[in-house]
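Residue numbers (my numbering): 1344 to 1611. Structure first, then comments.
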Amino acid sequence: MKRALGNLSAVSVLGTGLERTKPVAVPPAALLTVWNDALRALGELPLLVICIDDAELLKAPEIGILKTMVETDSPVPVTMVVAGGPELIEKLSAHDASPILRSFSGAVFDIGQFSEAETREALEAPIAQVKGSGSWDESGVAAVYRLTHGYPYLVQCFAAAAYREGRRIVREDVQNAIPEGLRLASSWLERELPEASDEDIRAFSKIASSGKMEFRSSDAIRMGINHIYLSRLAKQGVLKRIARGHYELRMAPAIAYFHALKRGQGPV
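Following this line, the structure appears as structure tokens:
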């Protein structure tokens, strides 16, 4: 976060003609000054959107910076989009961070997974936006949905892999694009669960596809998952044991779907 805020001093904002020269170093105490300078420089813009991904990695002082950014009296309207996993909500809900959660309350969304109809919309909207000549056949949409379970990141990767300008994308096109879709998705997902076994991934996939964020060990048994793998997944951070025989899914389902496809286990 400090690095990101420090880089504000070197931003060239496209279309505005505004540019700043990066100083040799920005001491922590000067970050707020840099931020205020940036807001004043952008004061003629109709809107400034700030997007922060993987925000669960932020430490407490950095979360405090978010609060400062949200509450700063700004000459330009500021919209902040912060994306993170369950750990982010826990950090924002901590006793010493509660004012920060209130700053974001009322605008918190769990994107979850698309339905098949929503997957079609996600595939078609970018084409319409750029007036592209390609289109998606019903079989192509169904294939993307089957492979990705409607998980937005994977939908994006497989759409990019299968789309061809001037073509109608059918099921076979999507099937043939699986290696490229996995390659595109690997920049984030490849590094997740490096030590998981095939059985770990198979168990994770069954839990993810069940749609349950919380479940009991008896539910897992009905899914065909041995209790040994619940313990293994808990140690790897996939699950969190919240009570005796009661678990919560902590990792994104996309990780399970990606590894299942990459290891040849096929769509769950």
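All C-beta atoms, glycine included, are put in the ideal place defined by N, C-alpha and C.
Segment contact flag, the stretch 1480 to 1500 with the stretch 1591 to 1600, C-beta cutoff 8 Å, min 3 pairs: yes
Between residue 1601 and residue 1525, how many whole angstroms is the CB-CB distance? I'm expecting something under 8 Å. One-based indexing of the sequence shown puts residue 1601 at position 258. One-based indexing of the sequence shown puts residue 1525 at position 182. At roughly 7 Å, the Cβ-Cβ gap stays under 8 Å, so residue 1601 and residue 1525 are in contact.
Segment contact, 8 Å Cβ cut-off, at least three pairs: the stretch 1419 to 1426 with the stretch 1457 to 1464: no
Hey, would you say residue 1581 sits closer than 8 Å to residue 1547, going by beta carbons? Walking along the sequence shown from the start, residue 1581 turns up at place 238. Walking along the sequence shown from the start, residue 1547 turns up at place 204. Result yes, Cβ atoms of residue 1581 and residue 1547 sit closer than 8 Å.
Once the 5 residues before and after residue 1477 are set aside, which same chain residues still bring their CB inside 8 Å of it? Within the sequence shown, residue 1477 is the residue found at index 134, counting from 1. The answer, listed in chain order, is 1470, 1506, 1507, 1508, 1509, 1510, 1511 and 1512.
Beta-carbon proximity of residue 1592 to residue 1550, cut-off 8 Å: By one-based count along the sequence shown, residue 1592 stands at place 249. By one-based count along the sequence shown, residue 1550 stands at place 207. Their beta carbons are under 8 Å apart, which means residue 1592 touches residue 1550 by this criterion.
Can the beta-carbon of residue 1541 be found closer than 8 Å to that of residue 1575? As a working note, residue 1541 is residue 198 in the sequence shown. As a working note, residue 1575 is residue 232 in the sequence shown. Against a cut-off of 8 Å, the Cβ pair of residue 1575 and residue 1541 comes out as no contact.
Residue 1568 - DSSP class collapsed to helix/strand/coil: To locate residue 1568, count along the sequence shown from 1; it is residue 225. Reduced to three states, the DSSP call for residue 1568 is coil.
Considering Cα atoms alone, identify which of 1474, 1563 and 1531 is closest to residue 1545. Looking up residue 1545 in the sequence shown gives position 202. Minimum Cα distance to residue 1545 is reached at 1563.
Give the range of the beta strand (DSSP E) segment to which residue 1528 is assigned. Translated into positions along the sequence shown, residue 1528 becomes position 185. Per DSSP, residue 1528 belongs to no beta strand (DSSP E); it is in the alpha helix (DSSP H), 1521 to 1532.
Residue 1385 versus residue 1379: straight-line alpha-carbon distance, rounded: By 1-based counting over the sequence shown, the position of residue 1385 is 42. By 1-based counting over the sequence shown, the position of residue 1379 is 36. In a straight line, the C-alpha of residue 1385 is about 10 Å away from that of residue 1379.
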